[in-house]
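The next block holds one structure in the form of structure tokens; read it before the comments.
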Ligand code: MN
């Protein structure tokens, strides 16, 4: 895989400087499972608009990643996730990172693409980018970070590769349908939703 840098524990100073030049960065994480607190963070993937992908291997028990934190909290750079809610909780509980500003392609898709119920990354990339993502490594052992297979690394990279382009296309759709403002408001309240998730509240907005 070209343009893929593997980092151990944190972004290198050089890669941090490169990413700090960006307006937007695609971000994804791979974990041992879907329960944060129990299932640890194993990999954080990043991609800028030059399609430069970095994958940071996270050590068991690691609690700090200062360069990643600097990037994730940089106010001038939009961090784009697909289903940000999960990744934000992982990054906050593992490293104390308060990501902002945030764009979530899943929220954008749900607000814009009301003609479908398919809001997974695979469906979104297929429809908007015309690319079929290979998801076979989605459920695999990410904990063995020192020995990730080529298939896992290429899967991990592909999950961040299209986020910047998806965001642009989704914003165009949202603006066309006059839903962009609502989308921005929905994304702005994500940190609060994540706080509720971490405190184990289920749905305080329900009757
Ligand atoms: Mn992923």
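In the numbering used here, the protein residues as written are 2 to 208. From the three backbone atoms N, C-alpha and C, an ideal C-beta is built for every residue, glycine too.
Rounded to a whole number of angstroms, what is the C-alpha to C-alpha distance between residue i and residue j?
i	j	result
residue 166	residue 114	16 Å
residue 35	residue 174	30 Å
residue 131	residue 122	12 Å
residue 147	residue 62	15 Å
residue 209	residue 144	With the chain covering only 2 through 208, there is no way to say anything about residue 209.
residue 108	residue 151	30 Å
residue 64	residue 96	5 Å
residue 10	residue 17	13 Å
residue 202	residue 172	31 Å
residue 185	residue 191	10 Å
residue 149	residue 78	29 Å
Is it buried or exposed for residue i, if we count other Cβ within 10 angstroms and need 16 for buried?
i	result
residue 81	buried
residue 59	buried
residue 158	buried
residue 204	exposed
residue 93	buried
residue 66	buried
residue 138	buried
residue 197	exposed
residue 83	buried
Identify which residue in the options has its Cα closest to the Cα of residue i.
i	options	result
residue 54	20, 14, 76, 177	20
residue 180	112, 155, 158	112
residue 8	57, 18, 173	57
residue 91	126, 159, 44	44
residue 99	107, 203, 88	88
residue 164	127, 150, 13, 146	127
residue 5	204, 136, 155	155
residue 251	25, 104, 142, 26	The structure shown does not extend to residue 251, since the chain spans only 2 to 208, so no value can be given for it.
residue 106	25, 199, 208	25
residue 29	194, 85, 168, 110	85
residue 27	69, 37, 33, 196	69
residue 51	22, 66, 195, 76	22
residue 46	32, 176, 125	32
residue 153	134, 168, 170	134
residue 187	14, 110, 72, 71	110
residue 129	169, 101, 118	169
At which residues does the alpha helix (DSSP H) containing residue i begin and terminate?
i	result
residue 160	151-162
residue 115	Where residue 115 is concerned, there is no enclosing alpha helix (DSSP H), given that its DSSP letter is neither H nor E.
residue 122	122-130
residue 5	Counting along the chain, residue 5 falls outside any alpha helix (DSSP H), though it belongs to the beta strand (DSSP E) covering 5-9.
residue 14	14-21
Which residues mark the beginning and the end of the beta strand (DSSP E) in which residue i is found?
i	result
residue 186	Taken as a continuous stretch (DSSP letters only), residue 186 belongs to no beta strand (DSSP E), being part of the alpha helix (DSSP H) at 181-189.
residue 178	First-last for residue 178: undefined, no H or E at that position.
residue 100	Taken as a continuous stretch (DSSP letters only), residue 100 belongs to no beta strand (DSSP E), as it is neither H nor E.
residue 46	42-48
residue 32	25-32
Minimum length 4: unbroken alpha helix (DSSP H) runs contained in the segment 56-82 | Scanning the segment 56-82 for uninterrupted alpha helix (DSSP H) segments of 4 residues or longer gives 67-73, listed from N- to C-terminal end.
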